[in-house]
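Asker:
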DNA sequence: TACAATTTTTAGACTAATCTAAAAATATTT
DNA sequence: AAATATTTTTAGATTAGTCTAAAAATTGTA
Ligand SMILES: [Mn+2]
Ligand SMILES: [Mn+2]
Ligand SMILES: [Mn+2]
Ligand SMILES: [Mn+2]
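Residue numbers (the working numbering), protein chains in the order written: chain A, 1 to 220; chain B, 221 to 440.
1. Measure the CB-CB distance between residue 300 (chain B) and residue 262 (chain B) and report whether it falls below 8 Å.
2. Spell out whether any CB of chain A is found under 8 Å from the CB atom of residue 310 (chain B).
3. For residue 131 (chain A), decide whether its Cβ has a neighbour in chain B, counting only Cβ atoms nearer than 8 Å.
4. Below 7 Å between beta carbons is the criterion; list the residues of the stretch 380 to 395 of chain B that meet it against any residue of chain A, in chain order.
5. Determine, using beta-carbon pairs with one atom in the stretch 250 to 260 of chain B and one in the stretch 184 to 204 of chain A, whether at least three such pairs fall under 8 Å.
6. State the Cα-Cα distance for the pair residue 314 (chain B) and residue 109 (chain A), rounded to the nearest angstrom.
7. Whose Cβ in chain B lies nearer than 7 Å to the Cβ of residue 108 (chain A)?
8. Report the neighbours of residue 322 (chain B) on chain A: residues whose CB is nearer than 8 Å to its CB, in chain order.
9. Please indicate yes or no: does the CB of residue 291 (chain B) lie closer than 7 Å to some heavy atom of ligand 3?
10. Residue 338 (chain B) CB to nearest chain A CB: under 8 Å?
11. Compute every distance between the C-beta of residue 100 (chain A) and the non-hydrogen atoms of ligand 1, then say whether any falls below 7 Å.
12. Give the single residue among A:77, A:205 and A:172 whose Cα lies nearest to the Cα of residue 188 (chain A).
13. At which residue ranges does the stretch 54 to 124 of chain A contain complete beta strand (DSSP E) runs of 3 or more residues, listed in the order of the chain?
14. How many angstroms separate the CA atom of residue 280 (chain B) from the CA atom of residue 248 (chain B)?
15. Counting only runs of 3+ residues fully inside the stretch 379 to 413 of chain B, write out the beta strand (DSSP E) ranges in chain order.
16. Return the first residue and the last residue of the alpha helix (DSSP H) that residue 226 (chain B) is part of.
17. Start and end of the alpha helix (DSSP H) containing residue 49 (chain A)?
18. Using the Cα positions of residue 127 (chain A) and residue 174 (chain A), report the straight-line distance between them to the nearest angstrom.
19. To which residues does DSSP link residue 224 (chain A) through a beta bridge?
20. Could you check if residue 164 (chain A) is buried or exposed, using at least 16 other CB atoms within 10 Å of its CB as the buried criterion?
21. Taking 7 Å as the cut-off, does the CB of residue 105 (chain A) come closer than this to any heavy atom belonging to ligand 2?
22. Can you give me the Cβ contacts of residue 140 (chain A) inside the same chain, cut-off strictly under 7 Å, excluding the 5 residues immediately before and after it?
23. Comparing the CB of residue 97 (chain A) with every heavy atom of ligand 1, is any distance shorter than 7 Å?
24. Would you mind working out which of B:440, B:306 and B:363 sits nearest residue 381 (chain B), comparing C-alpha positions?
25. Throw me the rounded Cβ distance for the residue 405 (chain B) and residue 417 (chain B) pair, which I believe falls under 8 Å.
26. Rank B:419, B:391 and B:333 by C-alpha distance to the C-alpha of residue 374 (chain B) and give the top, closest one.
27. Taking only beta carbons into account, state which residues of the stretch 268 to 293 of chain B come closer than 9 Å to chain A, listed in chain order.
28. At a CB distance below 7 Å, what residues from the stretch 147 to 159 of chain A approach chain B? Give them in sequence order.
29. Can you check whether the CB of residue 278 (chain B) is closer than 8 Å to the CB of residue 264 (chain B)?
30. Could you confirm whether any beta carbon from chain B is found closer than 8 Å to the beta carbon of residue 115 (chain A)?
31. Going along the chain, which residues of the stretch 13 to 26 of chain A sit with their C-beta nearer than 8 Å to a C-beta in chain B?
32. Under a Cβ-count criterion, where at least 16 other Cβ atoms within 10 Å of its own Cβ denotes burial, should residue 402 (chain B) be classed as buried or exposed?
33. Is it the case that the CB of residue 8 (chain A) approaches a heavy atom of ligand 5 more closely than 7 Å?
34. Quick one: residues in its chain with C-beta nearer than 7 Å to the C-beta of residue 99 (chain A), no 5 flanking neighbours on either side, listed in chain order?
35. Can we say the stretch 63 to 76 of chain A touches the stretch 287 to 298 of chain B, given the rule of at least three CB pairs closer than 8 Å?
36. Measuring only between beta-carbons, confirm whether residue 435 (chain B) sits less than 8 Å from chain A.
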């Protein structure tokens, strides 16, 4: 139905609209897609003709309902494949993204439905991001970043904000992974670094920068 | 490394060389690829430049060792994915081919290795075709067509010769599937149709045309 | 408001893969 | 061997997606 390229553009535009409200600029898209502004203008015209987004010269773009659905479906496929790679094939969580970037473009609705079933209808991917449902619903789960907690609070790691490999590998190195139980021991006033106890066992100090990028679910 | 199109051409040429010895003609490739002879000539020149095959004007083509490896790898990927779709996602055996045609082009050696492991290193795909190993070895299994058996012989269905959906669905309809145990009751001289007993239970008459296209392993 | 800097669009060109129609080579008949 | 039929290649065009460089529009600043 839609080409790899079209799906990739729609997904990128969708993610940009999610972050910042208002119009999405040509340069922002070029940046996200690692391509040139001229290419974006061309593609955006094509997508506008197909009613996937609204485009006004020099004014940026806005996804239509149809375009958003395609984008969300692509995100759904991406995250289900990431979950498959991680849960079933034992890929590490920093290895799944690149391959899912290819798998997300396989065209077969039945395949995705069956994959979803096979995985047991997971709510989140290995990075803690919500997996949209078949009809496009996205259940926002009640997560906060570790940096929001107070001294004494308990929580479980469920994901990350920063998705870059360098960060994922860092967490792996200090053995702070989804599922890890954390209690905040102290927050150092000087640099906001956190002393935490992991799995009621290991004491660890993490920078504010790390704390800001870890998504947790508060134990209640 | 290689594009979808290149992999598809190499696979088609490989399958043609497997059937008939000698050179593969432009028209034969065009036929197999559902494209035009002119397109084949263009692509074949490109593949020859990349040393994937030997091409002489008006003389047809022959795969190089390098080209054959790419083709066999593609077949390996195709059959592993078909096995995944059938064994893990419960697709029927006539539904897996089209999707595998897409999945076979995903690029990641690790992915295929892990998939192979996940599936338990299967020797055959759902249609009874051998799955090439990581290094390109293909273990030919000792199968014959049902039409080769004599009265009284016992065997188990392991695959098909004709891969068309219409045949696969027919077998499904008469409930003759991989795993079915068969004993030949009689072979009717007039039209070579076979009366068989399936799973020591159901009596069935099948035409010679069907018998010729069922691969079986003889019970011994 | 005018000038400069930045952003966006257009114009024209490129590559991969495809096609049609015509030309060239090969194969088959007479 | 000559004529005819078939196969294969070439020539030229098309489409999707991309690029660079130049032009146009917008935004920021003095
Ligand atoms: Mn990802
Ligand atoms: Mn993608
Ligand atoms: Mn197949
Ligand atoms: Mn294919």
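C-beta: ideal position from N, C-alpha, C; glycine also.
Answerer: Straight from the coordinates:
1. no
2. Output row for residue 310 (chain B): interface = yes.
3. Closer than 8 Å: no.
4. none
5. Flag = no, the stretch 250 to 260 of chain B and the stretch 184 to 204 of chain A do not touch.
6. One C-alpha to the other measures close to 17 Å.
7. 319
8. 106, 107 and 108
9. no
10. yes
11. Ligand 1 has a heavy atom closer than 7 Å to the beta-carbon of residue 100 (chain A).
12. For the options A:77, A:205 and A:172, the alpha carbon positioned closest to that of residue 188 (chain A) is the one of A:205.
13. The qualifying runs are 60 to 63.
14. Roughly 10 Å separates the two Cα atoms.
15. 401 to 407
16. Bounds of the alpha helix (DSSP H) holding residue 226 (chain B) are 224 to 239.
17. 37 to 49
18. 16 Å
19. With chain A running from 1 to 220 in the structure shown, residue 224 (chain A) is simply not present.
20. exposed
21. yes
22. Cβ neighbours of residue 140 (chain A) beyond the five flanking positions: 130.
23. yes
24. B:363
25. Correct: roughly 6 Å between the Cβ atoms.
26. Comparing Cα-Cα distances from residue 374 (chain B) to each of B:419, B:391 and B:333, the minimum goes to B:419.
27. none
28. none
29. no
30. yes
31. none
32. Flag for residue 402 (chain B) reads buried.
33. Among the ligands in the structure shown, ligand 5 does not appear; only ligand 1, ligand 2, ligand 3 and ligand 4 can be found there.
34. 85
35. no
36. no
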